[in-house]
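Here the structure is laid out as structure tokens; the discussion comes afterwards.
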Amino acid sequence: MKRIFDPIHGFIELTEAEVALMDSAPFQRLRRLRQLGLAYLAFPSAEHSRFTHALGALAMGTRALEALRDHSPEYFQSEADYDAQRRLLRVALLLHDLGHGPFSHASEAVLGRRHETRTEEVLALPQLHEGMGRAGVDPREALALIVNDPPSSFPVLKELVSGPNLDCDRMDYLQRDAYFTGVSGGRYDAAQLVASLRVLRVDGQPRLGVDGRGLVALEQFVLARYMMFATVYFHHTTRAFERVLGDALRELWTAPQELDAIEEFLAWDDFRVMEQLRPSQTAAARALRDRVAPFALAAEFNGERDLTLYEACERVLRDRFADDVWGDAQEERMRRGPALYVHLMGAIVEATEASDLIRGLAGKAYWRKLFVRRGDDCVSEARRLCAEVRARRQATWSSVPLPF
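Set out below in structure tokens:
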């Protein structure tokens, strides 16, 4: 047994077989993949890695399964069944991020391969395939918890690993990202939420849900996700540098198909990318090296209601600056896929019925930003033009008579 101290979860205990998996080269590579990619350019302390996140997800999953054993014991056929599911869950959460490339989604866009596909290839490597066997886990079952296909024989575990609502991946990274960025809006009552987890029967099928006493903690969790997207994940500085990084990676990987080989793919990490870019004199490489993004924020718009204002500002800026304008429109579905259920006053209801807050945040959230290329007062002029468009729009709205 090995104990590792974590700033979020305290001591995390690992078995010898889990330590062997952790000591493998593909897992140690996670030390060199930042959890938040280039966000450290906006939040200097956001240097945490996917290595520590994987351990945190394992810790969250262990506590979640313990809560289900205590409050939904009928889901487990026996103590041996619980132990087997516990081993499977822990290994799947430990290994769930092995397929990420350098700077995660930025490299996915360049290489054209999603990290879930890469994860399947990594888990097929002998040292991991055999290591899972020594941990008492069927590699096929672990893979089924991490990726969409094949379907898993353990639907509740699947929800805990890669589900659309209450997966332990998200439970950990929201806390971890909030801690290391210092953004308080990303915090929620994790202890209360985990203690409230239940296995609920919906249409005769077992589903991961929440007891009504944890409804406030669930609201905090949903709101924390929204706040982290708004303040961290789509921060304008990060987005501006991610655009530059995409250009730099295309220049660096002139033959991206060479990284199709899993061994070559695993040889790359965030630090190797930056080291390879250091001597380059291209505009993208210099921007990353000097930490000066070529595009600066002109205006940002939140909410579906701002779509027409965004389009009006974009037209004005393009008329003035032409191709030196970049429109960055992001949409994030706050509640994806199957409904989330709550056991409330003897009935099982959807969370959107139990909470006005969750209902208000369900569906899509919108963040749109307009950037302009730096130079000769372009940024200040662009911001002034957008402010004028907004002022004219508000004046028009205020002049409309009330319907009573």
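Numbered by the working numbering, the letters in the sequence shown go through residues 308 to 711 in order.
Ideal Cβ positions, reconstructed from N, Cα and C, are used throughout, including at glycine.
In the DSSP assignment, find the unbroken alpha helix (DSSP H) run with residue i in it and report its ends.
| i | result |
| --- | --- |
| L712 | Examination of residue 712 is not possible in this model, given that the chain is present from 308 through 711 alone. |
| V523 | L522 to M535 |
| I665 | D663 to L668 |
| Y673 | Looking at the DSSP string, Y673 is not in any alpha helix (DSSP H); the run it does join, the beta strand (DSSP E), is K671 to R680. |
| T488 | C475 to T488 |
| T424 | H422 to L430 |
| P446 | P446 to I453 |
| H412 | H412 to L418 |
| H436 | P433 to R441 |
| R494 | Unbroken run through R494: none, as it is neither H nor E. |
Check for me: the beta strand (DSSP E) holding residue i runs from which residue to which?
| i | result |
| --- | --- |
| E611 | Unbroken run through E611: none, as it is neither H nor E. |
| P722 | Residue 722 falls outside the range modelled here, since the chain spans only 308 to 711, and no answer is possible. |
| I311 | K309 to D313 |
| V326 | First-last for V326: E323 to M329, but that is the alpha helix (DSSP H), not the beta strand (DSSP E). |
| G516 | Q512 to D518 |
| L504 | L504 to V509 |
Output needed for residue i: all residues of its chain with C-beta closer than 8 Å, excluding positions within five of it in sequence on either side, in chain order.
| i | result |
| --- | --- |
| V501 | M367, R370, A371, A374 and M478 |
| S459 | E448, A451, L452 and K465 |
| M308 | E320, L321, T322 and E323 |
| A416 | G553 |
| R514 | P462, V463, E466, V506, L507, R508, P645 and Y648 |
| A702 | none |
Have a look at the DSSP bridge pairing and note the partners of residue i.
| i | result |
| --- | --- |
| G368 | In the DSSP output, where bridge partners are listed per residue, G368 has none listed. |
| I655 | H650 |
| I319 | I311 |
| W633 | F678 |
| A603 | V679 |
| S269 | Past the boundaries of the shown model lies residue 269; the chain is included only from 308 to 711, so the question cannot be answered. |
| E565 | According to DSSP, E565 bridges with nothing at all. |
| E638 | Y673 |
For residue i, which residues of its own chain have a beta-carbon under 7 Å away from its beta-carbon, when the five flanking residues on both sides are left out?
| i | result |
| --- | --- |
| F711 | The pLDDT assigned to F711 is 45, lower than 50, so where the model puts this residue is not dependable; a value taken from the coordinates is nonetheless given after this. Once the five neighbours on either side are set aside, F711 has no close Cβ partner at all. |
| L362 | I311, D313 and I319 |
| H407 | L340, R357 and H422 |
| G519 | V649, H650, L651 and M652 |
| R397 | E325, L365, G368 and T369 |
| L709 | Bear in mind that a pLDDT of 48 at L709, under 50, signals an unreliable position, so the number given afterwards is only what the model happens to contain. Excluding residues within five positions, none has a Cβ falling inside 7 Å. |
| H543 | L604, E607 and K676 |
| A524 | Y495, D496, Q499, L500 and S503 |
Count the other C-beta atoms from every protein chain shown that fall within 10 angstroms of the C-beta of residue i, then say buried if there are 16 or more, exposed otherwise.
| i | result |
| --- | --- |
| V707 | Residue placement at V707 cannot be trusted, given a pLDDT of 49 that sits under 50; the coordinates are not used to answer. |
| F578 | exposed |
| G511 | exposed |
| A698 | exposed |
| A332 | exposed |
| D474 | buried |
| T488 | buried |
| L343 | buried |
| E611 | exposed |
| V679 | buried |
| V599 | exposed |
| S469 | buried |
| G516 | buried |
| P457 | exposed |
| L430 | buried |
| D404 | buried |
| Q482 | buried |
| L556 | buried |
| R585 | exposed |
| L614 | exposed |
Report the residue from the options whose alpha carbon sits nearest the alpha carbon of residue i.
| i | options | result |
| --- | --- | --- |
| Q527 | P471, G553 and S662 | S662 |
| A391 | L348, E607 and V444 | V444 |
| T538 | V509, R550 and S491 | S491 |
| H436 | S469, V468 and L402 | L402 |
| A413 | T544, A658 and R550 | R550 |
| G317 | D330, E325 and T359 | T359 |
| Y389 | A672, F536, R376 and V679 | R376 |
| L522 | I315, E660 and D597 | E660 |
| A547 | A694, A603, A592 and Y540 | A603 |
| F410 | E428, F572, A498 and F628 | F572 |
| A594 | E618, T545 and L566 | T545 |
| H378 | N455, L348, S503 and M329 | S503 |
| I315 | A431, P446, A349 and D496 | D496 |
| R420 | K671, E565 and F536 | E565 |
| R681 | L418, P601 and R625 | P601 |
| L624 | I665, S687, K671 and D567 | S687 |
| N455 | A498, P471 and R585 | P471 |
| D630 | C685, N609, K671 and M534 | C685 |
Taking 6 Å as the limit between beta carbons, can you name the residues of its chain near residue i, skipping five residues before and five after?
| i | result |
| --- | --- |
| T589 | E558 |
| E607 | K676 |
| R494 | A485 |
| G634 | E621 and L677 |
| W575 | P409 |
| A636 | R675 |
Please report whether the beta-carbon of residue i lies at a distance below 8 Å from any beta-carbon of chain C.
| i | result |
| --- | --- |
| D479 | Here chain C cannot be found, since the structure has a single protein chain. |
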